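Student: Quick note: full-length UniProt numbering has the sequence shown finishing at residue 417, numbered continuously throughout.
Think of the CB as a built atom: it goes at the ideal place given N, C-alpha and C, for glycine as much as any other residue.
Please read all numbers here as calculations on a predicted model, not as lab measurements.
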Amino acid sequence: MDTPAARVAAANPLLLNIAIVGGGVGGLTAAIGLRRNGHRVFEKSSDSTRGSGAAIHLCPNANGILRQMGIYAESFGACSMSRYIELTKDGHTFKDVDLTEANKRWPHPWQLVLRAALYQELKRIATSEEGDGVPVDLVFSCQIIDVDPQRGALTMPDGREHQADVIIGADGIYSTARRSIKDVKLLPTGKAAFRFVIPRSAAESDPLTAPLVSQKDALTMWFGDDRRVVMYVCDDNEQLNLVLIHPDVESHAVPEDEWTKDASVEQVLSVYRDFDPRLKALIRKASSLSLKVWQLLDMEKLPRWVSGKMALLGDAAHPCLPYQAQGAAQAIEDAAALSVVLPGATAPGEVHDRLRLYESIRYERAHTVQEYSRLAGQDWVDGKPVVDMRKFETYNFGHDEFANAAEYLALWERSHV
Ligand SMILES: Cc1cc2nc3c(=O)[nH]c(=O)nc-3n(C[C@H](O)[C@H](O)[C@H](O)COP(=O)(O)OP(=O)(O)OC[C@H]3O[C@@H](n4cnc5c(N)ncnc54)[C@H](O)[C@@H]3O)c2cc1C
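(1) Take cysteine 79 as the anchor and find which of Ala19, His108, Ala218 has the nearest alpha-carbon.
(2) Is it the case that the CB of threonine 155 approaches a heavy atom of ligand 1 more closely than 7 Å?
(3) Are the segment 305 to 321 and the segment 330 to 341 in contact at 8 Å, needing three or more beta carbon pairs?
(4) Per the contact definition of three or more C-beta pairs closer than 8 Å, is the segment 124 to 134 in contact with the segment 88 to 96?
(5) Report all residues from its chain with a CB closer than 7 Å to the CB of alanine 192; omit the five preceding and five following residues, and keep chain order.
(6) Considering Cα atoms alone, identify which of Gln330, Ile361, Leu342 is closest to asparagine 61.
(7) Run through the segment 57 to 95 for me and flag every whole alpha helix (DSSP H) of 4 or more residues, listed as ranges in chain order.
(8) Taking 8 Å as the cut-off, decide whether the C-beta atoms of leucine 187 and aspartate 298 are in contact.
(9) Nearest to glutamate 393 by CA position, among Leu321, Phe196, Asn103, is which residue?
(10) With a 10 Å radius around its C-beta and 16 neighbouring C-beta atoms as the bar for buried, classify proline 322 as buried or exposed.
(11) Note the first and the last residue of the continuous alpha helix (DSSP H) segment covering glutamine 111.
(12) Quick check: is any heavy atom of ligand 1 less than 7 Å from the C-beta of leucine 296?
(13) Taking the alpha carbon of glycine 131 as the point to measure from, which residue in Glu371, Gly38, Glu407 has its own alpha carbon closest?
(14) How many whole angstroms separate the CB atoms of leucine 16 and valine 166, which I take to be in contact at a CB cut-off of 8 Å?
(15) My assumption, with CB atoms under 8 Å, is that alanine 286 sits in contact with histidine 318. Please give the rounded CB distance.
(16) Please classify arginine 36 as buried or exposed, where buried requires at least 16 neighbouring CB atoms within 10 angstroms.
(17) For the beta strand (DSSP E) containing tryptophan 380, name the first residue and the last one.
(18) Is any heavy atom of ligand 1 found at a distance shorter than 7 Å from the C-beta of serine 45?
(19) Alpha carbon to alpha carbon, how far is valine 265 from alanine 403?
(20) Let me check you understand the geometry: is the CB of alanine 73 closer than 7 Å to at least one non-hydrogen atom of ligand 1?
(21) Could you tell me the distance, in whole angstroms, from the CA atom of alanine 116 to the CA atom of phenylalanine 76?
(22) Determine the extent of the beta strand (DSSP E) in which valine 166 is found, giving its start and end residues.
(23) Would you mind sorting serine 373 into buried or exposed? The rule is 16 or more other CB atoms within 10 Å of its CB.
(24) Is alanine 263 near ligand 1, going by C-beta to nearest heavy atom under 7 Å?
(25) Would you say the beta carbon of glycine 24 is closer than 7 Å to some non-hydrogen atom of ligand 1?
(26) Thinking just about the alpha-carbon of each residue, which of Gly22, Phe397, Glu364 is nearest to the one in methionine 156?
(27) Would isoleucine 198 and leucine 244 qualify as a contact pair, given that the criterion is a beta-carbon distance under 8 Å?
(28) From the DSSP output, in three-state form, read off valine 417 for me.
(29) Out of curiosity, what's the CA-to-CA distance linking histidine 399 and cysteine 59?
(30) Return the CA-CA distance between serine 52 and glutamine 120, expressed in angstroms with no decimal places.
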């Protein structure tokens, strides 16, 4: 293979050869960090469209890492999360909070961004000829079919093997890499989510829905006992992202649906038939062509994330339910920790111990955030929330994984001289 990374490999046999399985948010962030450490990074992804279709929160803890990597989401359309509104299912306001002052607690902004825009930027930086290190070899349509962590071997779709000093399993909730550690069960939560994006102008031009979108940089939620709706701006306030979480039996979502099951406007209207007429008017503005439904799955806790030369990150290791908007953020934190424990000039013989260090840095925090996400998603009882959605913010947002991992590494290095 004559690529920039392969040429550097030939010229610098002492650099680590790192293979990342999966080019999602976590895999690409790890690729950027590790490339900047000087390593040669090959990233295999099964598709190139995963980033499309919806928006995500970039919470302050994720943004702190991205900004330290020179990635400023406002430059590709991210909006501030400045206002938080909660409505009953009938549309009565019971909470309306201006977050401008409260957000000053965090050293980095809380933003709302189109997933595709974030994904494109990560991909651009990972593969750019500019910047430190060697451009990442990003190979699409390359569904890895097996991983041997002890030998550091990946099996490609055509049966050929790719050998690496380090393998990072960043291949999402349906991870193939994870199977070499444990074939854990994915657990249905009984919930599924419809997702779609509509132009904000469509809501503004309808007198019924216009009051709902009169404020920029806002997130609005409607709560019923066993279903809820999240609506927030993205794309420089030009678009509205809607996530509608409901009992999965009502949309017939099943675990095999993965990311791709189509849904219809009629189906969404039926699931939300008892809700605010203004919400139903917004749903009618969706295009059935872009409407999808996702099964929300949990996972049995893995006893470890590391085996031999391989470490898992992100959803492959600890998938988070979406109620705290922390799944991608935790994948980004994992990526930051990996890039701290594998600095340039790491000897191949140290890889396993350093990956174990990564696991010890990240295991408790990622699983704690995962548990908070479960709690935040609990159904309401007697028309009241069981848990305040924003209760875990200090733990989630007030964390700098670069600084945290650097402290652990310094202690580890002192005990290894
Ligand atoms: C409804 C909903 C809303 C959400 N909202 C938020 C939010 O606001 N904020 C937030 O932080 N998180 C949010 N999340 C969670 C977030 O989307 C995930 O936690 C995050 O995408 C995980 O990143 P990842 O890189 O670990 O995995 P993924 O993003 O799933 O990426 C995995 C990649 O691996 C590739 N792949 C898979 N198998 C293979 C293989 N065998 N070989 C090669 N490549 C492979 C895939 O094609 C993909 O590119 C939400 C999730 C849902 C369902």
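Tutor: In brief:
(1) Ala218
(2) no
(3) yes
(4) Put simply, the segment 88 to 96 does not touch the segment 124 to 134. Fewer than three CB pairs are less than 8 Å apart.
(5) His246, Asp248, Ser251, Ala253, Val293, Trp294, Gln295, Leu296
(6) Taking the Cα of asparagine 61 as reference, the smallest distance to any Cα among Gln330, Ile361, Leu342 is reached at Gln330.
(7) Counting whole runs of 4 or more residues, the segment 57 to 95 contains the alpha helix (DSSP H) stretches 60 to 68.
(8) yes
(9) Asn103
(10) buried
(11) Glutamine 111 -> not in any alpha helix (DSSP H); beta strand (DSSP E) instead, spanning 111 to 114.
(12) yes
(13) Gly38
(14) 6 Å
(15) That belief does not hold up - the Cβ atoms of alanine 286 and histidine 318 are roughly 32 Å apart, past 8 Å.
(16) Classification for arginine 36: buried.
(17) Element bounds for tryptophan 380: n/a, residue is neither H nor E.
(18) Using a cutoff of 7 Å, the CB of serine 45 counts as near ligand 1, since one of the ligand's heavy atoms is closer than that.
(19) 46 Å
(20) Every heavy atom of ligand 1 is 7 Å or more from the Cβ of alanine 73, so no.
(21) For alanine 116 and phenylalanine 76, the gap between their C-alpha atoms comes out near 10 Å.
(22) 166 to 169
(23) buried
(24) Annotation for alanine 263 indicates a beta carbon at 7 Å or more from all heavy atoms of ligand 1.
(25) Distances between the C-beta of glycine 24 and the heavy atoms of ligand 1 include at least one below 7 Å.
(26) Gly22
(27) No, they are not a contact pair.
(28) If DSSP states are grouped into helix, strand and coil, valine 417 belongs with coil.
(29) Each residue's alpha carbon lies about 11 Å from the other.
(30) Low confidence applies to serine 52: its pLDDT is 49, below 50, so where it sits in the model is not reliable, and the reading given next is rough at best. Cα to Cα, serine 52 sits roughly 10 Å from glutamine 120.
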